[in-house]
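Student:
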Amino acid sequence: MTVSIHEPTATKALHLMTIGGRTVSSPALLALHDPATGEVFGHAPDAAAEQLDAAVAAARQAQPEWAATPIHNRREALGAIAGTLMAHQDQLAALLTREQGKPLARAVEEVQLSAYWCAETAKLDLPDQTLVDDGTTLATLQHLPLGVVGAIVPWNFPLAMAIFKVAPALLAGNTVVLKPSPYTPLIMLRVGELLRGVLPDGVLNVISGGHALGPWMTEHTDINKISFTGATATGRQVMANAAPTLKRLTLELGGNDAAIVLDDVDVETIAPQLFWGAFANSGQFCLAIKRLYIHEKVYPRLAQALVQLAQQTLVGPGNGDGVLLGPIQNRAQHDRLRIMLNDSRARGHRFLCGGVLPAGPGYFFPVTLVDNPPEDSSVVQREAFGPLLPLLKFSDVDDAVRRANASPFGLSASVWSADTARALAVGRRLEAGTVWINEIHTLSPHKPMAGHKQSGLGVEFGVEGLREFTQPRVISMRRPTSVPAAP
25 MTVSIHEPTA
35 TKALHLMTIG
45 GRTVSSPALL
55 ALHDPATGEV
65 FGHAPDAAAE
75 QLDAAVAAAR
85 QAQPEWAATP
95 IHNRREALGA
105 IAGTLMAHQD
115 QLAALLTREQ
125 GKPLARAVEE
135 VQLSAYWCAE
145 TAKLDLPDQT
155 LVDDGTTLAT
165 LQHLPLGVVG
175 AIVPWNFPLA
185 MAIFKVAPAL
195 LAGNTVVLKP
205 SPYTPLIMLR
215 VGELLRGVLP
225 DGVLNVISGG
235 HALGPWMTEH
245 TDINKISFTG
255 ATATGRQVMA
265 NAAPTLKRLT
275 LELGGNDAAI
285 VLDDVDVETI
295 APQLFWGAFA
305 NSGQFCLAIK
315 RLYIHEKVYP
325 RLAQALVQLA
335 QQTLVGPGNG
345 DGVLLGPIQN
355 RAQHDRLRIM
365 LNDSRARGHR
375 FLCGGVLPAG
385 PGYFFPVTLV
395 DNPPEDSSVV
405 QREAFGPLLP
415 LLKFSDVDDA
425 VRRANASPFG
435 LSASVWSADT
445 ARALAVGRRL
455 EAGTVWINEI
465 HTLSPHKPMA
475 GHKQSGLGVE
485 FGVEGLREFT
495 QPRVISMRRP
505 TSVPAAP
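The sequence shown begins at 25 in the numbering used here and counts up one residue at a time.
(1) Tell me which residues share the same chain as Met185 and place their Cβ nearer than 7 angstroms to its Cβ, disregarding the 5 neighbours each side in the sequence.
(2) Can you pull the DSSP bridge partners for Asp70?
(3) From the DSSP output, in three-state form, read off Thr253 for me.
(4) For Arg502, which three-state DSSP category applies?
(5) Within the chosen definition, does the region 212 to 226 reach the region 236 to 245 through at least 3 CB pairs nearer than 8 angstroms?
(6) Tell me whether Leu119, by its Cβ, gets closer than 7 angstroms to a heavy atom of the ligand MN.
(7) What residues match up with Tyr317 in a beta bridge as DSSP calls it?
(8) Measure from the alpha carbon of Gly278 to the alpha carbon of each residue in Val64, Ser436, Leu413 and Ala78, then state which is nearest.
(9) How should Asp114 be labelled, buried or exposed, when 16 other C-beta atoms within 10 angstroms of its C-beta is the threshold for buried?
(10) Quick one: grab the DSSP three-state call for Lys189.
(11) Measure the CB-CB distance between Leu298 and Ala283 and report whether it falls below 8 angstroms.
(12) For Glu200, I'd like the list of residues in its chain whose CB is within less than 6 angstroms of its CB, leaving aside the five on either flank, ordered along the chain.
(13) Should Ala143 and Ala106 be called a contact, given that it needs their Cβ atoms to be closer than 8 angstroms?
(14) Closest to Arg99 by CA distance: which of Ser479, Ala196 and His465 is it?
(15) Just the C-alpha distance for Val515 and Thr293, rounded to the nearest angstrom, thanks.
(16) Return the first residue and the last residue of the alpha helix (DSSP H) that Pro169 is part of.
(17) Does the separation of the CB atoms of Asn180 and Phe303 fall below 8 angstroms?
(18) Can you name the residues that DSSP bridges to Trp141?
(19) Could you have a look at Asn429 and say whether DSSP puts it in helix, strand or coil?
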């Protein structure tokens, strides 16, 4: 990744870092590019190692008092975060659209989802659990905070992904040092500014930086846990960097998610669900459908329905009227998609729609459907993370399941059929952490999500996800035996 760095002689950051409740600038800046134009529209701080040390020290100093704060007060703090997000919804949504590129309506939804997630996470609980109570021994399981959590957030949902980590970490009694992506730092820098005074100083620290900041965090001796969302290759490096200090880890990594469409579906009903299941956020979604296996009986009709939806969907700048899909967020990802597209073209694959990059500025990529490419082609085997989708034909369900499972990834999958029992039987054979039946992307702060295989480590969401931000302690006590009364 190449990140531009400019000395702040003629420019200044649009928003600044929050360390220990205070405003902090930096000696160097990151240049931020508008994905709709490719042009620099602003700058953000590029933190030095000393500033990371200061953020970790502030979090560590604040953590004992925060852990001692009654949980009902920590719940109220999450509610205050939710209220702050909603009070500044319009401003935050506009900022999201500017730096991430998504349509403004989708940015509003992300702000609302983040507020909802805070409020609902506050309802979770990990009470002490009695393990043994036999009259002689009383053993109790407690869940204690880990200490300082380092949260590393990607660029596709830069606000929601941050809240997914911050809310349970704070509820469990930890303090947080949060690093947004260098491509989309502004939204969380602004949230950090808004939450000064809402949270005690040092409880949430927000710092931005380039490619060096993530490794500094994962190696830092005073960070107790890393919660990371991003590519699998980067996740491996996070594990390696965290190994010397045996940090706790939650890694939500890549996927090559398969959907299987059986021969009895109502094409008109499911086509829009499949379309948006693949192309929401311009396909920049770890849980997006990346491989669409369609029974040969319904393949022609479903393929045509998806083509029609693509033709009706306006792609453009996120602030444009009627735009439903924005640009790819950054040039590096746009280049990866272009390489995959060119590879398909060189291999003679047929494009049902799309396949030609538009002229002009910005990182735009058309919705592209590839007609039944070979299973070993890169467009099938690699995660596109963009609006490039292979449609894959099958005649035998066992073959479709085998092909869907033949991947090093196992994040999510879905099965579609008019017969729920039949779909469920197929779904139970899929090697993925989340399997949807006749629905997709119904995420909830009350339902855990965990990747199988190389799609992740640990759990997010729900009580199981909250437990990931704690460490167990068992108190085992022998009760005094009764002494017989004197005669």
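Where a beta carbon is used, it is the ideal one built from N, C-alpha and C, also for glycine. For clarity, every value in this text was computed on a predicted model and none was experimentally measured.
Tutor: Walking through what the data contain:
(1) Here the question's residue 185 lines up with position 161 in the sequence shown. Same-chain partners within the cutoff: Val177, Pro178 and Thr253.
(2) In the sequence shown, the residue the question calls residue 70 occupies position 46. Its beta-bridge partners are Ala52.
(3) Your numbering for residue 253 matches position 229 in the sequence shown. In the structure shown, Thr253 sits in a strand (DSSP, three-state: E or B).
(4) Taking the sequence shown and counting its residues from 1, the one referred to as residue 502 is at position 478. If DSSP states are grouped into helix, strand and coil, Arg502 belongs with the strands.
(5) no
(6) You won't find the ligand MN in this model; it holds no ligand whatsoever.
(7) In the sequence shown, the residue the question calls residue 317 occupies position 293. Answer is Ile284 and Leu416, bridged to Tyr317.
(8) For the purposes of this step, residue 278 is identified with residue 254 of the sequence shown, where counting begins at 1. If we check each option's Cα against that of Gly278, Ser436 comes out closest.
(9) Position 90 of the sequence shown holds residue 114. Asp114 counts as exposed, since fewer than 16 other C-beta atoms from the protein chains shown sit within 10 angstroms of its C-beta.
(10) The sequence position of residue 189 within the sequence shown is 165, counting from 1. Correct three-state label for Lys189: helix.
(11) In the sequence shown, the residue the question calls residue 298 occupies position 274. In the sequence shown, the residue the question calls residue 283 occupies position 259. Their beta carbons are under 8 angstroms apart, which means Leu298 touches Ala283 by this criterion.
(12) Locating residue 200 in the sequence shown gives position 176, where the first residue counts as 1. Reading the sequence as shown, one finds Val at residue 200 and not Glu. Val173, Ala175, Val190, Ala193 and Leu228.
(13) In the sequence shown, residue 143 corresponds to position 119, counting from 1. In the sequence shown, residue 106 corresponds to position 82, counting from 1. Going by C-beta atoms, Ala143 is nearer than 8 angstroms to Ala106.
(14) The residue given as residue 99 occupies position 75 in the sequence shown. Per the Cα distances, Ala196.
(15) Absent from the model: residue 515. The displayed extent of the chain is 25 to 511, so no value can be given.
(16) Reading the sequence shown from its first residue, position 145 is the one you call residue 169. Here Pro169 belongs to no alpha helix (DSSP H); instead the beta strand (DSSP E) covers Thr161 to Pro169.
(17) The residue given as residue 180 occupies position 156 in the sequence shown. The residue given as residue 303 occupies position 279 in the sequence shown. The answer is no: Cβ separation not under 8 angstroms.
(18) Along the sequence shown, one-based indexing puts residue 141 at 117. In the DSSP output, where bridge partners are listed per residue, Trp141 has none listed.
(19) As a working mapping, residue 429 is identified with position 405 in the sequence shown. Of the three classes helix, strand and coil, the one that applies to Asn429 here is helix, per DSSP.
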